[in-house]
Amino acid sequence: MSNLQVRLGRLVLANPVMTAGGAVGYGREYTPVTDLSQAGAMVVKTLTLTPRSGNPPPRVAETPAGMVHAIGLPNEGVESFVIEILPRLRLFAVPIIASIGGETIAEYQAVARKLARAEGIAGIEINLSCPDAEYGRAEFGLDSERVAQLISAVRSETDLPLIAKLSPNAGDLVPIAEAAVAAGAEGLCLTNSPWGLAVDVRTRRFRLSAGVGGLSGPAIKPIALYHVWRIHRAMPHVPLIGVGGIATWEDALEFLLVGASAVQIGTAHYLQPKVVSEVVEGLRAYAMAHAVENLATLIGSVQA
1338 MSNLQVRLGR LVLANPVMTA GGAVGYGREY TPVTDLSQAG AMVVKTLTLT
1388 PRSGNPPPRV AETPAGMVHA IGLPNEGVES FVIEILPRLR LFAVPIIASI
1438 GGETIAEYQA VARKLARAEG IAGIEINLSC PDAEYGRAEF GLDSERVAQL
1488 ISAVRSETDL PLIAKLSPNA GDLVPIAEAA VAAGAEGLCL TNSPWGLAVD
1538 VRTRRFRLSA GVGGLSGPAI KPIALYHVWR IHRAMPHVPL IGVGGIATWE
1588 DALEFLLVGA SAVQIGTAHY LQPKVVSEVV EGLRAYAMAH AVENLATLIG
1638 SVQA
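Here the working numbering = 1-based position in the sequence shown + 1337.
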């Protein structure tokens, strides 16, 4: 039997397949159709200090090989999450990673502080694509100095493992990645959604109420693979999570081969509710067919 176990710093996952933040909500929506306990870890949708209703509709628009979305981080707020939702999540018996967001560094700190005292949180993923209200509402993740300030501030509030989810909109991610790790991130998630637009030619209006949105789905897989490969070459000892366009075990394996220790699946859930278990079983079958005793030995093994 092949061993699918992987390590993300202090986190040990039974397999490398995770849900991406926001993709399955808090899991309960998918319980009737799939078994999320098969995941190596579950990342819940981004939590903010106070409840948010998100952007007005339309918030999602289909595009070739993917979709653009501007959901606006709707969530019940971290306090309701800890009291009402987290106890149910613990029943999945998989590591729960809390994604956190905010419009100021103080908000991120406050969310992390509440989660640090909660039972059942295995780690925190810092969503660096949130708008920075103190710096013109550009994404936090576009500036290495601001990234360092934010992660250092969150690290001061908790001893939980920290994962920084980087934005591809920063261009060269190596300086951002280096700043994140130096400030206290133990792992990096690559990447969040690049900016995109969709236009309705009949109405001559944007198809999203917010105008600009994030592009996700198969269209962005080559971009995400590039960033994982580049960061792994620059920082080979930093655990990486690949995310972007993964829908099959072959997709997941590509990310492992270029340097990811684990992967997250997001958009594919909307078409394939059982995608997590399908990818896990596919990786297991591949490992057995190719006599790979430990899947972790494949990480970063791609050859030119």
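Just so you know, even glycine gets a beta-carbon here, dropped at the ideal spot from N, CA and C. All values derive from a computational prediction rather than experimental measurement.
Pairwise C-alpha distance: residue j and residue i
{"i": "I1560", "j": "A1455", "result": "36 angstroms"}
{"i": "P1369", "j": "P1610", "result": "10 angstroms"}
{"i": "G1581", "j": "E1416", "result": "30 angstroms"}
{"i": "A1443", "j": "G1346", "result": "26 angstroms"}
{"i": "A1360", "j": "L1348", "result": "21 angstroms"}
{"i": "L1479", "j": "A1626", "result": "43 angstroms"}
{"i": "V1511", "j": "G1554", "result": "24 angstroms"}
{"i": "H1606", "j": "A1485", "result": "33 angstroms"}
{"i": "V1405", "j": "L1620", "result": "29 angstroms"}
{"i": "T1634", "j": "A1357", "result": "24 angstroms"}
{"i": "R1570", "j": "Y1563", "result": "11 angstroms"}
{"i": "A1584", "j": "L1465", "result": "24 angstroms"}
{"i": "K1558", "j": "M1355", "result": "16 angstroms"}
{"i": "V1676", "j": "N1529", "result": "Absent from the model: residue 1676. The displayed extent of the chain is 1338 to 1641, so no value can be given."}
{"i": "E1399", "j": "A1556", "result": "12 angstroms"}
{"i": "P1573", "j": "F1592", "result": "14 angstroms"}
{"i": "G1473", "j": "Q1601", "result": "30 angstroms"}
{"i": "E1615", "j": "A1589", "result": "11 angstroms"}
{"i": "I1422", "j": "V1538", "result": "42 angstroms"}
Own chain, CB closer than 6 angstroms to residue i, minus 5 neighbours either side, in chain order
{"i": "V1518", "result": "V1575"}
{"i": "E1523", "result": "G1346, P1498 and L1499"}
{"i": "N1392", "result": "A1407, G1409, S1546 and A1547"}
{"i": "V1639", "result": "L1594 and V1595"}
{"i": "N1352", "result": "L1341, G1377 and V1617"}
{"i": "G1438", "result": "T1383, T1385, L1410, N1464 and C1467"}
{"i": "T1371", "result": "P1610 and K1611"}
Cβ neighbour criterion (16 or more within 10 Å) applied to residue i
{"i": "I1461", "result": "buried"}
{"i": "N1631", "result": "exposed"}
{"i": "R1365", "result": "exposed"}
{"i": "Y1299", "result": "What the structure shows of the chain is the stretch from 1338 to 1641, and residue 1299 is not part of that stretch, so it cannot be assessed."}
{"i": "S1624", "result": "Residue identity differs from the one stated: residue 1624 is Ala in this sequence, not Ser. Label assigned to A1624: buried."}
{"i": "T1540", "result": "exposed"}
{"i": "A1622", "result": "exposed"}
Cβ separation of residue i and residue j, assumed to be a contact under 8 angstroms, to the nearest whole Å
{"i": "A1378", "j": "V1431", "result": "6 angstroms"}
{"i": "G1637", "j": "G1596", "result": "4 angstroms"}
{"i": "P1395", "j": "L1545", "result": "6 angstroms"}
{"i": "I1420", "j": "V1381", "result": "That belief does not hold up - the Cβ atoms of I1420 and V1381 are roughly 14 angstroms apart, past 8 angstroms."}
{"i": "I1458", "j": "L1525", "result": "The pair is not a contact, with the Cβ atoms about 19 angstroms apart (cut-off 8 angstroms)."}
{"i": "A1449", "j": "I1488", "result": "Going by Cβ atoms, the distance from A1449 to I1488 rounds to 10 angstroms, so no, they are not a contact pair."}
{"i": "V1343", "j": "S1598", "result": "5 angstroms"}
{"i": "F1429", "j": "L1350", "result": "F1429 to L1350, Cβ: 13 angstroms. No contact."}
{"i": "L1290", "j": "T1495", "result": "Residue 1290 cannot be examined here, being either before or after the span of the chain that is shown, 1338 to 1641."}
{"i": "T1441", "j": "A1470", "result": "6 angstroms"}
Chain-order list of residues whose beta-carbon lies under 8 angstroms from that of residue i (same chain, five-residue window excluded)
{"i": "R1542", "result": "V1536"}
{"i": "R1389", "result": "G1409, L1410, P1411, N1412 and G1414"}
{"i": "Y1445", "result": "I1437, G1438, G1439, I1463, L1487, A1490 and V1491"}
{"i": "W1532", "result": "N1506, V1549, G1550, G1551 and L1552"}
{"i": "W1566", "result": "V1595, G1596 and V1639"}
Beta-bridge partners of residue i, as assigned by DSSP
{"i": "H1406", "result": "V1397 and G1551"}
{"i": "M1355", "result": "A1378 and Q1601"}
{"i": "K1502", "result": "N1464 and C1526"}
{"i": "L1608", "result": "DSSP output for L1608 lists no bridge partner at all."}
{"i": "F1543", "result": "V1536"}
{"i": "N1412", "result": "R1389"}
{"i": "G1579", "result": "L1527 and V1600"}
{"i": "E1476", "result": "P1468"}
{"i": "L1350", "result": "V1343"}
{"i": "A1435", "result": "V1381 and I1461"}
Beta-carbon contacts of residue i that lie in its chain and below 7 angstroms, excluding the five residues immediately before and after
{"i": "I1513", "result": "G1478, S1481, V1484, L1503 and A1507"}
heavy atom of the ligand FAD below 6 angstroms from residue i C-beta
{"i": "L1594", "result": "This structure does not include the ligand FAD; it has no bound ligands of any sort."}
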